[in-house]
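A quick write-up on the structure given underneath.
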Amino acid sequence: MSDQKSKNITPRAKDFAAWYQDVVLAGDMAEPAEIVKGCMVIKPNGYAVWEHLQRDLDARFKATGHQNAYFPLLIPESFLKKEAEHVEGFSPELAVVTVAGGKKLEEPYVIRPTSETIIGHFFSRWIQSWRDLPILLNQWANVMRWEMRTRMFLRTTEFLWQEGHTAHATEQEAYEETVRMLHIYGDVAEETMAMPVIRGVKTRAEKFAGAQRSFCIEAMMQNGLALQAGTSHELGQNFGRAFDVQFQSRNGTLEYVWQTSWGVSTRLIGGLIMTHSDDRGLVLPPKLAPTKAVIVPICRKDDERAMVMEKVDAIAGQLRALGLNIHVDAREELSPGAKFFHWEQRGVPVTIELGPRDVASGTAVLKRRDTGSKTPVPIGGIAAAVTAALDAMQAEMLERARVRLRENTVTANSFEEVTAILKDATAEKGGGKFVMTHLKDDPTVDAKVKELKASVRCIPLIDEYDGPGKCILTGDTVDRRVVVAKAY
RNA sequence: CGGGGCGUGGCUCAGCUUGGUAGAGCGCCUGGUUCGGGACCAGGAGGUCGGAGGUUCGAAUCCUCUCGCCCCGACCA
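Position one of the first sequence corresponds to residue 3 (the numbering used here), numbered consecutively onward.
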């Protein structure tokens, strides 16, 4: 394997943030919208990954009984104000429409930052009886949050996501829904994206504005920083009360519904990139790669071309028969080397190289994007070799990311230790860790952690450590270690 | 909102200090030779120098104002 570096990509070790941006651009995933502050254009390569994620998630939503629906982009400003915590949480980041049709609006609309409020309004119209429950909805939508600082995919003013919204008759049922969806997110992250996550609960200080309790999946990027990759909220009866969503129960009493909401966004793509990509560009796990393999023919003269292309077409045919999306790069104006770089930067999992020497020996050279390993394989066995390589790559990418997560997770038993561990970690230079320590779920404790420019990422659902211990700040007994880290 | 940086062909930038015919590399177009990890030669197209005002015989360059973008921090999927 060659050790040539891509000249348009800053090495990770030099500046992680610059590397990330370079990879997004070199992979032709997206670019800053430039004329629209904080927004991005998701280019076909990036959008194709989003479509794969959508398809996967959507199938899992449907399989658990959810239906898609669509609610308006614009929400009456007064709706946002109906839930006290919700308005407090979101008002700083709202974009507001005050003029429409050339006239000043009597009541401004906000561009949705999320849809709990407007959906609450309609739930109240749709729900009368326990027989109307549960309502299990999802919407694929764009939302807008006026952020002070944006980064492509990770945080943009406008982003794409799905938001699930459900209403239930009992708290228990709503709780089960919340956890069920959290696990769907965790499964997609791990199975499809090969991105290991920690499933956990947010502290009270970190939970969604208006929720009773928020669950999350937290991933670790290659610089050791945490990324909240998905959230699932128990809304309790907060929005039910705010929007008067009541139903008559079996025994005739009038009760507020128990709601949930849950979402993942195009941020997942940022997480995907920062989990797997390298100094040569994008690395996509096979299950998400829009193009599974590229075939690069190598030939000099026309007679060679005919001979090589015949084999190339045969191979492409074999692979396509398996349902794999295969691209043949037959451009005559580019050298093979240029093509290798081109597809490498775009993260295509497998490259198949085929030239006159291969034709003579009845083989093709198969190269894996993640390891860079090159293996000659008999043309007859190419289908099996490619599927094996794709499967192995998917599994090994997850395993490598798991090892990295494990190796960068440490325990600490005092605030001084936590401080020392996180002191030099930055997004640019790396060095981030997940620090497992005992902390009480108390906003004053979160505030103290914030002083380290870190946060309590979550209280893991599964305790893989030593159980209860004393909070390193308050001395209170808490039942397990929590994850403290610097985050995006 | 604070700190830093930047606006000059499609992209990356030089030129500005010391005003005087707008440049380079990459990319693009044409033709030819090439092709096992970013090919080469020849010819060619392409720019109201972010915008407005001012100084001057003359402004990319000096002055004033302004707009925008990126990066770093505080807020966040």
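Virtual Cβ for every residue (Gly too), placed ideally from N, Cα, C.
Next on the checklist: Just verifying my parser: in three-state terms, what is the DSSP assignment at Asp-189?
Outcome noted: For Asp-189, the three-state secondary structure derived from DSSP is helix.
Checklist entry - Do you know how far the Cα of Phe-249 is from the Cα of Thr-130? => result Note on identity: in this sequence residue 130 is Gln, with Thr being the wrong assignment. For Gln-130 and Phe-249, the distance between alpha carbons rounds to 5 Å.
Checklist entry - Helix, strand or coil for Asn-70 per DSSP? => result The answer is strand: DSSP assigns Asn-70 an E or B state.
Checklist entry - Within the chosen definition, does the stretch 323–341 reach the stretch 263–280 through at least 3 CB pairs nearer than 8 Å? => result In short, these stretches do not touch, since the Cβ pair count stays below three.
Checklist entry - Roughly how far, in whole angstroms, is the beta-carbon of Ile-113 from the beta-carbon of Ala-102, given that I think they are within contact range, below 8 Å? => result About 12 Å; that fails the 8 Å criterion.
Checklist entry - Going by DSSP, what residues sit across from Leu-320 in a beta bridge? => result Here the sequence assigns Gln to residue 320, which means Leu is not the residue at that position. Gln-320 pairs with nothing; no bridge assigned.
Checklist entry - Which residues does DSSP pair with Glu-160 in a beta bridge? => result Answer is Met-146, bridged to Glu-160.
Item to check | 7 Å Cβ shell around Pro-78 - same chain, five flanking residues per side excluded | outcome: Residues Glu-109 and Tyr-111 of the same chain have their beta carbon placed closer than 7 Å to that of Pro-78, with the five preceding and five following residues left out of the count.
Checklist entry - So is Ala-221 buried or exposed if we call it buried at 16+ other beta carbons inside 10 Å? => result With 16 or more Cβ atoms within 10 Å of its Cβ, Ala-221 is classed as buried.
Checklist entry - Excluding five sequence neighbours on each side, which residues of the same chain lie with their C-beta closer than 6 Å to the C-beta of Lys-431? => result If you ignore the 5 residues before and after Lys-431, its C-beta comes within less than 6 Å of no other C-beta in its own chain.
Checklist entry - Can you pull the DSSP bridge partners for Asp-280? => result According to DSSP, which records beta bridges pairwise, Asp-280 is partnered with Gly-283.
Checklist entry - DSSP beta-bridge partners for Arg-201? => result According to the DSSP secondary-structure assignment, Arg-201 is paired through a beta bridge with Ile-219.
Checklist entry - In terms of alpha-carbon separation, which member of Gly-29, Ala-19, Asp-134 and His-68 lies closest to Ser-251? => result Checking every option, the nearest Cα to that of Ser-251 belongs to Asp-134.
Item to check | Proximity below 9 Å, CB of Glu-87 to CB of Gly-212 | outcome: Yes.
Item to check | Gly-166 classed as buried or exposed, judged by whether at least 16 other C-beta atoms fall within 10 angstroms | outcome: In summary, Gly-166 is buried, with 16 or more beta-carbon neighbours lying within 10 Å of its beta-carbon over all protein chains present.
Item to check | Rounded Cβ spacing between Ala-332 and Pro-299 (contact assumed at less than 8 Å) | outcome: Between Pro-299 and Ala-332 the Cβ distance is about 6 Å, and since that is below 8 Å, they are a contact.
Item to check | Collapsed DSSP secondary structure at Thr-389 in the structure displayed | outcome: Judged by DSSP in its simplified three-state form, Thr-389 adopts helix.
Next on the checklist: Measuring CB atoms only, is the stretch 349–368 touching the stretch 384–391, in the sense that at least three cross pairs come out at less than 8 Å?
Outcome noted: Yes, the stretch 349–368 is in contact with the stretch 384–391.
Next on the checklist: Going by C-alpha to C-alpha distance, which of Leu-368, Glu-419, Phe-417 and Val-420 sits closest to Met-395?
Outcome noted: Distances from the alpha-carbon of Met-395 to those of Leu-368, Glu-419, Phe-417 and Val-420 put Leu-368 closest.
Next on the checklist: Please classify Ser-279 as buried or exposed, where buried requires at least 16 other C-beta atoms within 10 Å of its C-beta.
Outcome noted: Result: buried.
Item to check | Integer-rounded CB distance, given that Ala-366 should sit under 8 Å from Val-379 | outcome: That belief holds up - the Cβ atoms of Val-379 and Ala-366 are roughly 6 Å apart, short of 8 Å.
Checklist entry - In its own chain, which residues sit with a C-beta less than 7 Å from the C-beta of Cys-218, not counting the 5 before and 5 after it? => result Gly-202, Lys-204, Gln-230, Gly-232, Thr-233 and Cys-460, listed in sequence order.
Checklist entry - Hey, out of Val-89, Asp-426 and Leu-400, whose CA is closest to Val-190's CA? => result Taking Val-190 as reference, the option from Val-89, Asp-426 and Leu-400 with the minimal CA-CA separation is Leu-400.
Next on the checklist: Measuring only the C-alpha atoms, how far is Lys-83 from Val-89?
Outcome noted: Approximately 5 Å between the Cα atoms of the pair.
Checklist entry - By Cβ distance, which residues of its chain are closer than 7 Å to Pro-115, with the 5 residues on each side in sequence left out? => result Excluding positions up to five away in sequence, the list reads Phe-92, Glu-95, Leu-96, Val-145, Met-146 and Arg-147.
Checklist entry - Terminal residues of the continuous alpha helix (DSSP H) containing His-54? => result His-54 -> alpha helix (DSSP H) spans 46–65.
Item to check | Contacts around Thr-373, its chain only, beta-carbon distance under 7 Å, and the 5 residues preceding and following it disregarded | outcome: Counting only Cβ-Cβ distances below 7 Å, and skipping sequence neighbours, we find nothing.
Next on the checklist: Quick check on Val-361: does DSSP put it in helix, strand or coil?
Outcome noted: Here Val-361 sits in helix by DSSP.
Next on the checklist: Is the separation between the beta-carbon of Glu-306 and that of Pro-338 shorter than 9 Å?
Outcome noted: No, they are not a contact pair.
Checklist entry - Terminal residues of the continuous beta strand (DSSP E) containing Ser-263? => result Ser-263 -> beta strand (DSSP E) spans 260–267.
Checklist entry - Over what stretch of residues does the beta strand (DSSP E) that includes Gly-122 continue unbroken? => result No beta strand (DSSP E) contains Gly-122, which is instead part of the alpha helix (DSSP H) from 118–128.
Checklist entry - CB Asp-281 to CB Ser-80, shorter than 9 Å? => result For the 9 Å CB-CB criterion, Asp-281 and Ser-80 do not form a contact.
Checklist entry - Can you list, in chain order, the residues of its chain whose CB lies under 8 Å from that of Thr-119, leaving out five sequence neighbours each side? => result Listed in chain order, the non-local C-beta contacts of Thr-119 below 8 Å within the same chain comprise Ile-77, Phe-81, Leu-82, Lys-84, Glu-85, His-88, Phe-241, Ala-244 and Phe-245, local neighbours out to five positions each way being set aside.
Next on the checklist: Is it the case that the stretch 156–176 contacts the stretch 34–45, given that we only count it when at least three CB pairs across the two stretches are under 8 Å?
Outcome noted: With a cut-off of 8 Å on Cβ pairs, the stretch 34–45 is in contact with the stretch 156–176, counting three or more such pairs.
Next on the checklist: Quick check on Asp-448: buried or exposed, where buried means 16 or more other Cβ atoms within 10 Å of its Cβ?
Outcome noted: So Asp-448 counts as buried.
Checklist entry - Got a sec? Which residues, its chain only, sit under 6 Å from Asp-5 by beta carbon, not counting five neighbours each side? => result Note that Asp-5 scores a pLDDT of 40, beneath 50, so its modelled location is shaky; the value from the coordinates is reported in the next line. Nothing meets the Cβ criterion.
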